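Data block below; observations after.
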Amino acid sequence: MELKFKVGDAVIVASENPTGYPRTPRYIRGKRGVIGLVHGVLENIRDHRGIHTPLYTVRFDLSEVSTCHGQDSIWVDVHEEWLSEVRPDS
Amino acid sequence: MSGKHGHKPFEGHMHDFEAHIRAVEEDLEYYRAKRFEPRIIYLIRRGVVTFYDLLKARVALKHRNQFFKPRKPQGKNIEARVRYLEEWLDEYVKGIALVSARAVEAMDMVTEDNRKERGDYDDFFKIKKKEHRGTLEERMVNLEQDLKDYQELLEVFVQALLHRGWSTRQELEQRWKDLHEERPWAGGVIVAKAWSDPAFKQALVATGREALREMGVHQGKVGKLVVVENTDKVHNVVVCTLCSCYPYDILGDTPWWYKHESYRTNIVQNPRACVKEMFQLEISASKELQVWDSTSDVRYFVLPQRPTGTEGMSEEELAKLVTVDSLIGAGYALEPSQQKEAMKLGAAPESPRVRPD
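First to last, the sequence lines map onto chains A and B. Quick note on this note's numbering: the first sequence kicks off at 40 and runs consecutively. Quick note on this note's numbering: the second sequence kicks off at 25 and runs consecutively.
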C-alpha cells in the first residue's frame, strides 16, 4: 500500500469516522498535528483480524489537545483514514 | 512479591499496607472485569459454554476433581495476610491466562474481540468494578472473600471447558506448569545493556524488537515495539488512554495505576502536574515532556537515563537500578545510593509479576 504521508507532514484528524479504526481517542479528533513516525501497514494476528490502513505516530502540541501551554507534546498512533493533509497557509 | 525474578533477591518488610491492599483491589477488579468476565460472556454469546454448563459444573464439583489447589493462609499477622492476598491474586491472573488460551483457540478470539466485549468502545458493555470502602481490616476481609468467589467462578469455568471437551485435564495441567515457569524480568537487563553498549542502544532505539530478538528476549504478541530514549532535553512518558496497552510480554505487568482512569486521563491533559502529583517527579523546565499514547499496534517503553555515579558498574549491577516505573517514565532509574537505601528499608522496587496474558 502506498503511504499518503511522510515524517514532517502537517495533518488534521477527522472529527468523526464511523467506519474508521475505532481506537482513535476523542481528545485528538479535529486536532492538528505533525507526522512524527511512519509505521506503514502492520500485521498483528493475535490482536486483530485482517489488516488496517497504514499507521503513523502523530505529534500534537500539548496546547492543541488540552488547555495547557508550553513546549510539551502528545504522540498518538493514528491510522491513515483518520488523517488529512493541512496546507501550511490554511 | 518476593525476589523470585532473581535480580532483586530481597524479601523485605512492607511499610505501607494500605498501598499494597489498594494495589490488590485495583488489579483484582481489573482482571475480573476486563480480562476474565468479558471472555465468559463472549463465549456464552457464541454457545461455546452456556450458563447451564456453568451451573452443572458447579454442582458436579468435588474437592477431589478441583483443578486449582485450595490455598492456605500463611499466618494471622497483617503482613502474612497481605502477602497471601498478593500471591492469590497472582494465581488468579495465571488462571485467567490458562483458560484464555484454550478459549482463544476454540473460538478464534483475538484481543480486539475482548476490547469490544468489555466495553472499550461502548460504555453500555462495561462490567462495573466493585468499590472498596471501610477500614483496612474490612477491606482485607472483603478481598479474601472476593478472591474466594472469583476463584470459584474460574474453577467452574475450567470444569465447564473440560465437560464440553474444549480441553483435556492433561493439556491444562501442562499449560499450568508452563505458566509457572519463571521467566526473568527483562526490563533491567535490556536497559543495562543499552547503557553499556552504544551499538546495542542505537539498534534498540532504531529497530525495537529486532534488537531484542538478538538478545533472545521473549517477544510474545507485541506488534511493533518503539523504545523512546530519555535525554537531557526530553523526558518520555507512556500511556494507553483507551485501555492499558503496554509491552506486557516483554516487561511483565504494569503497576495498578497504569490501568487506572485517573492516570489515563490526567497524563494527556496536564502531564507535568500529573507526574508531579502521582510520582513526585519534577521535570525540569528545560526539558520537553513527550507523552506516548499507544492506541494501535505499537507498544512503547522508555529507556531511562543512566544515573550518575555508575561509572564502571557491570551490566548485572546496573540492571538492579532499573525500576518498573522508570520504563514508563513515572520515575528515574535509581542511583546506587538510592538502591542501597531502598534495599535497607525493604522498599526496594519490585520487579513486576510476569503475567503471561
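For glycine and all other residues, C-beta sits at the position ideal for the given N, C-alpha and C. Small disclaimer: the values here were computed from a predicted structure and weren't measured.
Identified DSSP bridge partners for residue i
| i | result |
| --- | --- |
| Ala49 of chain A | A:Val73 |
| Arg105 of chain B | Arg105 of chain B is not bridged to any residue. |
| Phe325 of chain B | B:Val251 |
| Ser350 of chain B | For Ser350 of chain B, which the question treats as bridged, DSSP gives no partner whatsoever. |
| Trp316 of chain B | A:Trp114, B:Val262 |
| Ser123 of chain A | A:Ile51 |
| Gly244 of chain B | Beta-bridge pairing links Gly244 of chain B to no other residue. |
| Gly71 of chain B | DSSP, once it has assigned bridges, lists no residue as partnering Gly71 of chain B. |
| Gly79 of chain A | A:Leu94 |
Proximity winner among the options, relative to residue i (alpha-carbon distances)
| i | options | result |
| --- | --- | --- |
| Arg98 of chain A | A:Val52, A:Lys43, A:Leu42, A:Glu41 | A:Val52 |
| Ala218 of chain B | B:Leu342, B:Glu115, B:Ala309 | B:Leu342 |
| Ile291 of chain B | A:Ser105, A:His118, A:Val125 | A:Ser105 |
| Gly232 of chain B | B:Lys93, B:Lys118, B:Val246 | B:Val246 |
| Asp321 of chain B | A:Leu42, A:Arg71, A:Val80 | A:Val80 |
| Ser112 of chain A | B:Trp316, B:Glu49, B:Lys172 | B:Trp316 |
| Ile74 of chain A | A:Gly47, A:Trp114, A:Thr92 | A:Gly47 |
| Pro295 of chain B | B:Gly143, B:Ile307, B:Asp221 | B:Ile307 |
| Glu42 of chain B | B:Ala366, B:Tyr76, B:Ala130, B:Glu103 | B:Glu103 |
| Ile274 of chain B | B:Asp146, B:Glu234, B:Arg330, B:Leu313 | B:Glu234 |
| Val123 of chain B | B:Leu177, B:Trp209, B:Tyr54, B:Pro279 | B:Leu177 |
| Arg95 of chain B | B:Leu113, B:Leu85, B:Gln314 | B:Leu113 |
| Lys93 of chain B | B:Glu359, B:Tyr116, B:Ala121, B:Pro208 | B:Tyr116 |
| Asp170 of chain B | B:Arg199, B:Leu236, B:Lys154, B:Met337 | B:Lys154 |
| Leu313 of chain B | B:Gly119, B:Gly244, B:Val251, B:Thr255 | B:Thr255 |
| Asp137 of chain B | A:Val50, A:Ala49, A:Pro61, A:Asn56 | A:Pro61 |
| Lys311 of chain B | A:Trp114, A:Gly109, A:Ser123 | A:Gly109 |
| Gly211 of chain B | B:Ala357, B:Ala121, B:Ser361 | B:Ala357 |
| His156 of chain B | B:Arg46, B:Glu110, B:Tyr108, B:Lys100 | B:Arg46 |
| Glu339 of chain B | B:Ala216, B:Ser361, B:Arg199 | B:Ala216 |
| Lys100 of chain B | B:Pro271, B:Leu203, B:Glu168, B:Leu85 | B:Glu168 |
| Leu160 of chain B | B:Arg105, B:Cys269, B:Asp221, B:Trp190 | B:Arg105 |
| Asp147 of chain B | B:Val229, B:His204, B:Cys267, B:Arg237 | B:Cys267 |
| Ser209 of chain B | B:Glu197, B:Thr332, B:Gly276, B:Lys152 | For clarity, residue 209 of chain B is Trp in the given sequence; the question names Ser instead. Looking at the Cα atoms, B:Gly276 is the closest of the given residues. |
| Lys118 of chain B | B:Trp200, B:Cys264, B:Ile68, B:Val299 | B:Trp200 |
| Lys225 of chain B | B:Gln243, B:Val252, B:Ser286 | B:Val252 |
| Trp190 of chain B | B:Val73, B:Lys364, B:Arg288 | B:Val73 |
| Asp86 of chain A | B:Asp202, B:Thr319, B:Thr135, B:Gln98 | B:Thr135 |
Enclosing beta strand (DSSP E) for residue i [first to last residue]
| i | result |
| --- | --- |
| Thr96 of chain A | 94-100 |
Same chain, Cβ closer than 7 angstroms to residue i, five either side skipped, listed in chain order
| i | result |
| --- | --- |
| Gln90 of chain B | Glu179 |
| Gly353 of chain B | His259, Asn260, Val261, Val262, Val326 |
| Ser54 of chain A | Arg68, Gly69 |
| Gly355 of chain B | Phe303, Leu305, Thr347, Asp349 |
| Arg70 of chain B | Met131 |
| Glu141 of chain B | Pro62, Ile65, Tyr66, Phe149 |
| Val213 of chain B | Ala343 |
| Ala81 of chain B | Val180, Gln183, Ala184, His187 |
| Asp100 of chain A | Ser112 |
| Asp51 of chain B | Leu113, Trp280 |
Host alpha helix (DSSP H) of residue i (start-end)
| i | result |
| --- | --- |
| Met239 of chain B | 233-239 |
| Tyr76 of chain B | 75-84 |
| Tyr287 of chain B | 285-293 |
| Met164 of chain B | 160-187 |
| Tyr272 of chain B | 272-275 |
| His54 of chain B | Position check: residue 54 of chain B holds Tyr in this sequence, whereas His was assumed. Unbroken alpha helix (DSSP H) run through Tyr54 of chain B: 41-54. |
| Thr135 of chain B | 135-141 |
| Gly211 of chain B | 210-220 |
| Ala343 of chain B | 339-343 |
| Asp202 of chain B | 193-203 |
Sequence-distant residues of the same chain with beta carbon closer than 8 angstroms to residue i, five excluded per side
| i | result |
| --- | --- |
| Ala192 of chain B | Sequence inspection shows Thr at residue 192 of chain B; the Ala mentioned does not correspond to that position. So the list reads Leu186, once near-sequence residues are dropped. |
| Lys28 of chain B | Residue placement at Lys28 of chain B is poorly supported in this model, since its pLDDT is 34, which falls under 50; the coordinates still yield a value, given next. Here the set comprises Glu206. |
| Gly89 of chain A | none |
| Gly59 of chain A | Ala53, His118, Glu120, Trp121 |
6 angstroms CB neighbourhood of residue i in its chain, flanking five on each side removed
| i | result |
| --- | --- |
| Arg126 of chain A | none |
| Gly143 of chain B | Phe149, Lys150 |
| Lys248 of chain B | Asp321, Val322 |
| Lys58 of chain B | Arg142 |
| Thr96 of chain A | Gly75, Leu76, Trp114, Asp116 |
- Query: Listed from N- to C-terminal order along the chain, which residues in the segment 52-73 of chain A have their beta-carbon within a distance smaller than 8 angstroms of any beta-carbon of chain B?
  - Reply: When C-beta distances to chain B are compared with 8 angstroms, the residues of the segment 52-73 of chain A below that value are Tyr60, Pro61, Arg62, Thr63, Pro64, Tyr66, in chain order.
- Taking Cβ-Cβ distances below 7 angstroms as the criterion, which residues of the segment 40-73 of chain B are in contact with chain A? Listed by position along the chain: nothing, the set is empty.
Margin query: Tell me which residues of the segment 102-126 of chain A have at least one Cβ-Cβ distance to chain B shorter than 9 angstroms, keeping chain order.
Written below: The segment 102-126 of chain A vs chain B, Cβ under 9 angstroms: Val104, Ser105, Thr106, Cys107, Gly109, Gln110, Asp111, Ser112, Ile113, Trp114, Val115, Asp116, Val117, His118.
- prompt: What residues in the segment 251-269 of chain B have a beta carbon less than 8 angstroms from any beta carbon of chain A?
  reply: The residues in question are Thr265, Leu266.
Contacting positions in the segment 293-320 of chain B - beta carbon closer than 9 angstroms to chain A
Answer in chain order: Gln293, Asn294, Pro295, Arg296, Ala297, Ile307, Ala309, Lys311, Glu312, Leu313, Gln314, Val315, Trp316, Asp317, Ser318, Thr319, Ser320.
Practice prompt. Taking only beta carbons into account, state which residues of the segment 321-334 of chain B come closer than 8 angstroms to chain A, listed in chain order.
Written response: Residues passing the 8 angstroms Cβ filter: Asp321, Val322.
**Report entry** Contacting positions in the segment 104-137 of chain B - beta carbon closer than 7 angstroms to chain A
**Finding:** Listed in sequence order: Val134, Thr135, Glu136.
- Near-chain A residues of the segment 146-177 of chain B (beta-carbon distance less than 8 angstroms), N- to C-terminal order: Hits within the stretch: zero.
| Residues in the segment 220-254 of chain B with C-beta within 8 angstroms of chain A's C-beta atoms, listed in sequence order? | Taking 8 angstroms as the cut-off between beta carbons, the residues of the segment 220-254 of chain B near chain A are Lys245, Gly247, Lys248, Val250, in sequence order.
Checklist entry - Going along the chain, which residues of the segment 82-94 of chain A sit with their C-beta nearer than 7 angstroms to a C-beta in chain B? => result Within the segment 82-94 of chain A, Asn83, Arg85, Asp86, His87, Arg88, Leu94 place their CB atoms closer than 7 angstroms to a CB of chain B, listed in sequence order.
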